[in-house]
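Q:
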Amino acid sequence: MSQTDLEIVVDDPAAPEENSPSVASSGTIEIIACVLLLALAAILGYDNWRTGASWDSTGPEPGYFPFYLSLILGGGSLYGLIAAFLARRGPSETFVTRAQARRVMAVFVPTLLFCLVTQFLGLYVASFLLIAGFMRLVGKIAMWKSLLTAFLFTAIMFVTFDIAFDVIMPKGPLEAAFGY
Amino acid sequence: MEAFGLLLHGFAVLLTWKTLMLMMVGLVLGIFVGVLPGLGGPNGVAILLPLTFTMDPTSAIVMLSCIYWGALFGGAITSILFNIPGEAWSVATTFDGYPMAQQGRAAEALTAAFTSSFIGSLVAVLLITFLAPMISSFALKFGPPEFFAVYLLTFCSFVGLGREAKHKTVISMSLGLLLAGIGMDTVSGQLRMTFGSSELLRGINFLVAVIGLFGISEILLTMEERLALRGHAASISLRVVLGVWKDLPRYWVTLLRSSIIGCWLGITPGGAIAASFMGYNLAKRFAKDPESFGKGRIEGVFAPETAAHASGTSALLPMLALGIPGSGTAAILLGGLMVWGLNPGPLLFVEHKDFVWGLIASMYLGNVVGLVLVLTTVPIFASILRVPFAAVAPMIVVSCAIGAYAIQNAMFDIWLMLGFGIVGYVFKKIGIPLAPFTLALVLGNRAEDAFRLSMIGSGGDLKVFWSNGLVGSITTLAIVLLFWPAIGGLLARIGWTKATKSAGGKNIS
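Line by line, the protein sequences are chains A and B. The opening position of the first sequence corresponds to residue 75 in the working numbering, with each subsequent residue numbered one higher. The opening position of the second sequence corresponds to residue 46 in the working numbering, with each subsequent residue numbered one higher.
1. Inspect the beta-carbon positions of SER303(B) and THR351(B) and report whether they are closer than 7 Å.
2. Report yes or no: is there a C-beta of chain A within less than 7 Å of the C-beta of LEU463(B)?
3. If you drop the 5 nearest sequence neighbours on each side, which residues of the same chain put their C-beta closer than 6 Å to that of PRO391(B)?
4. Any heavy atom of the ligand ZN closer than 6 Å to the beta-carbon of VAL168(B)?
5. Which of helix, strand or coil does DSSP assign to ARG342(B)?
6. Spatial neighbours of THR103(B) within its chain, please: CB distance less than 7 Å, with the 5 preceding and 5 following residues excluded, ordered by chain position.
7. Ordered along the chain, which non-local residues of its own chain (more than five positions away) have a Cβ less than 6 Å from that of SER161(B)?
8. Let's test the definition: count the other Cβ atoms within 10 Å of the Cβ of ASN88(B) and tell me whether it reaches 16, buried, or not, exposed.
9. In angstroms with no decimal places, state the Cα-to-Cα distance between VAL286(B) and GLU153(B).
10. Mapping DSSP to helix, strand and coil, what is THR171(A)?
11. Going by Cα to Cα distance, which pick from LEU143(A), LEU222(A), ILE230(A) and LEU152(A) is closest to PHE239(A)?
12. Locate the beta strand (DSSP E) running through ALA98(A), then write down its first and last residues.
13. Listed in chain order, which residues of the region 103-116 of chain A have Cβ atoms closer than 7 Å to some Cβ of chain B?
14. Please report the distance separating the alpha-carbon of GLU558(B) from that of GLY50(B).
15. By the 10 Å Cβ neighbour count, where 16 or more other Cβ atoms means buried, how is ILE122(B) classified, buried or exposed?
16. How far does the alpha helix (DSSP H) with ASP292(B) in it reach, from first residue to last?
17. Drop a sphere of 10 angstroms on the beta-carbon of GLU396(B), count the other beta-carbons inside from all chains shown, and report buried for 16 or more, exposed for fewer.
18. Closest by CA to LEU2(B), which one among PHE56(B), ILE76(B), GLY307(B) and MET66(B)?
19. Could you pull the start and end residues of the alpha helix (DSSP H) that TYR560(B) belongs to?
20. Identify the continuous alpha helix (DSSP H) that holds GLU191(B) and give its terminal residues.
21. Would SER407(B) count as contacting chain A if we go by Cβ distances under 7 Å?
22. Select from LEU197(B), MET179(B) and ILE343(B) the residue whose C-alpha is nearest the C-alpha of PRO481(B).
23. Check whether the Cβ atoms of VAL181(A) and ILE377(B) sit closer than 7 Å, and answer yes or no.
24. When you compare only the Cα positions, how much space is there between GLN174(A) and TYR138(A)?
25. Going along the chain, which residues of its own chain have a beta-carbon closer than 7 Å to the beta-carbon of GLY148(A), five neighbours each way excluded?
26. One question on the structure: do ALA449(B) and ILE249(B) come within less than 7 Å of each other, judged by their Cβ atoms?
27. Where do the N-terminal and C-terminal ends of the alpha helix (DSSP H) with ILE305(B) fall, by residue?
28. Taking Cβ to Cβ, would you say VAL80(B) is nearer than 7 Å to ILE112(B)?
29. Distance cutoff 7 Å, beta carbons only. Does PHE159(A) sit that close to anything in chain B?
30. In three-state terms, what does DSSP make of GLY75(B)?
31. Only counting the same chain, and skipping five residues up and downstream in sequence, which positions put a Cβ closer than 6 Å to that of VAL509(B)?
32. I think PHE465(B) touches LEU258(B), with their Cβ atoms under 8 Å apart; what is that distance to the nearest whole Å?
33. Under 7 Å Cβ to Cβ from ALA89(A), same chain only, skipping five residues before and after it: list those, please.
34. So, is LEU72(B) buried or exposed, given that buried needs 16 or more other C-beta atoms within 10 angstroms?
35. With distances taken Cα to Cα, identify the nearest neighbour of THR358(B) among ILE305(B), ASN326(B) and MET383(B).
36. Who are the neighbours of ASN88(B) on chain A, taking C-beta pairs under 8 Å?
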């Protein structure tokens, strides 16, 4: 019966220092989000009003329900906007620090590239590149381990989805060369 | 005892090698996603949902509910060994679970957690078995106005009882309802809010949004917080298990109290988190020595785990009986039902008996098998955390993309998922709750249809929502709940302090 002696310690290899400067405050992001939501409410509200947001002989027109919802959304975001502006006078909370933003980008940018590559080369090639690249470049894991893991994972996914469960994924020239 | 006979029939449906295999696979996958940092119940179910698209509904739901059980059990492993709650409702488990692990009683804490999850879910499943058929046969008499009133009640209770700032809940919910309306209007066949885009014609798929909101955004958040785990390894021996089980009867009050709290809060939407804290706080309040909580007391594990799992499970009750999910995961299962061409709601109990009772029976079986499985395999799963996050993160991204694409075979959905990932990340950081959004997105069309059908029936008269005692009281209750904070404040001012205290379960943070 083994217990505490066996400690599992997992540390991030690229652990940066704390107290890195703030990139944006929560208040600012809240204001931006509320402005965007307000704009969305306006666009959707206008579109629904154009579709018809009143009553006709059979009941509410198609735009009726969403039109009033966009009014509610607009009202909520306007309130949020004012509340965020008023709260700005007090001390502001940090939304992300620079080190945090860098880490978030370290995963977001590869994900974005992955989606782009999927569009043109198919999902499996993109997934191989994403896993191998991420492990090697972000995780600083040995090249052979990265390549092997990426290959195995992609192969398992291919067998599970495309072959065993008949769930067809987007494919590119490489799969076409093998006849899939 | 009609329910009992039907349940036996449900077991008969399940007891084939194929279903049992699927069960094991589902449980293992579930524990896996539960243990992985950055994934949890709803994410796991959403990502693995595509696996079940080609199965028949009964096998599919068996596998999914097992994934869900597995994820619930898996969440307890990380809370206790690593002090990372996989879900918001496991937070209370870490209070006493992690100290126990530090004292070298990890095995005991884990056994307690698994056992109490088992008991909590079992009580909830029993409740579902006997209550769900009754509620659904009652709901068969519902017309569109009644259904709209129930939807309204669900939405209003989120706004009125939620712990977040009210306007943020309203934003989240109205956004969800709006996005649900994109695409073809189901009543008139007219296009709405598509802006001429052929991709938006299909509408925004609920599951794609969920995968982005929970899966992708969770990865971004986990990266931001920088993963540094420090935990304890544990293996569970039969002796420890029996030791904990032998002491169980002593804690029956705690277990029963937490089960009841859990079942009650689980049926009201969004209650699982509140349930776990309430279970913990009440156990502490009623204990003879409350100060020993938080220092590694086994009751501190029993109480929140039982409540959380009772509520997580009973959240499926309104989903099955009325078609209204009580939690995020229940909402995803509901999305699954629609993919398989089943129409959630009271008719399910009449038209798809096999399916419903198969599901309920699989909850019993999955729970038992899951308990045995986790107790025996903890060391293997705990070691998953030794896999570097740099390897896990891209794999989760790939799984999310596969899940999003498979739903409608559309590349556009992968981009949509990415967009929702950013939205989810920002919303979580600025405190806009995601649960109302998810619920609104899955229920939006049905709520709108119910509203418009009642309007057509009544000739546009809003009084239809007060036309009889039933619909009138539901609608009134909904409006009372919506303004509950104001009403509660008012009552307190008049001197009804007791009334506000009993409703104060929500103000625990």
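For every residue, glycine included, the Cβ atom is placed at its ideal position computed from N, Cα and C.
A: According to the structure shown:
1. If you check the CB distance, SER303(B) and THR351(B) come in under 7 Å.
2. Yes, contact with chain A.
3. Same-chain partners within the cutoff: SER181, ALA184 and LEU185.
4. You won't find the ligand ZN in this model; it holds no ligand whatsoever.
5. The answer is coil: DSSP assigns ARG342(B) none of H, G, I, E or B.
6. Here the set comprises VAL58, ASP399, PHE400 and GLY403.
7. In its chain, beyond the 5 residues on either side, PHE347, GLU350 and THR351 have a beta carbon closer than 6 Å to the beta carbon of SER161(B).
8. By the neighbour-count rule (16 or more Cβ atoms within 10 Å), ASN88(B) is buried.
9. Near 7 Å, if we compare the C-alpha coordinates of GLU153(B) and VAL286(B).
10. It is a strand residue.
11. Per the Cα distances, ILE230(A).
12. Residues 96-99.
13. Those would be ILE103, GLU104, ALA107 and LEU111, in chain order.
14. Residue 558(B) lies beyond the stretch modelled for chain B, which goes from 46 to 554, so this question has no answer here.
15. Buried, by the Cβ-count rule.
16. Unbroken alpha helix (DSSP H) run through ASP292(B): 283-292.
17. Within a 10 Å sphere around the beta-carbon of GLU396(B) sit fewer than 16 other beta-carbons, which makes this residue exposed.
18. Look at the range of chain B in this structure, 46 to 554, and you will see that residue 2(B) is not part of it.
19. No information on residue 560(B) is available, as it lies outside the stretch 46 to 554 that chain B covers here.
20. Here the alpha helix (DSSP H) through GLU191(B) covers 189-206.
21. No, SER407(B) lies away from the interface with chain A (no Cβ there is under 7 Å from its Cβ).
22. That would be LEU197(B), whose Cα lies nearest to the Cα of PRO481(B).
23. Going by C-beta atoms, VAL181(A) is not nearer than 7 Å to ILE377(B).
24. If you take the alpha carbons of GLN174(A) and TYR138(A), they lie about 43 Å apart.
25. Same-chain partners within the cutoff: LEU112, ALA115, ALA116 and GLY119.
26. In this structure, ALA449(B) sits away from ILE249(B), with a CB-CB distance that is not shorter than 7 Å.
27. Run containing ILE305(B): 297-312, per the alpha helix (DSSP H) assignment.
28. In this structure, ILE112(B) does not lie closer than 7 Å to VAL80(B) by Cβ.
29. No, PHE159(A) does not count as interfacial toward chain B.
30. Three-state result, GLY75(B): helix.
31. Here VAL509(B) has PRO190, SER499 and SER503 as same chain residues with Cβ atoms under 6 Å from its own Cβ, once five neighbours each way along the sequence are excluded.
32. Indeed, because the Cβ distance is near 5 Å, the residues count as touching under 8 Å.
33. Any answer about ALA89(A) is weak, because its pLDDT of 49 lies below 50 and its placement is not dependable; what the coordinates show is given next. Cβ contact annotation for ALA89(A) (same chain, cutoff 7 Å, sequence separation greater than five): none.
34. Answer is buried; the Cβ neighbour count reaches 16.
35. The candidate whose alpha carbon is nearest that of THR358(B) is ILE305(B).
36. Those do not exist, as ASN88(B) stays about 15 Å from chain A at its closest Cβ, beyond 8 Å.
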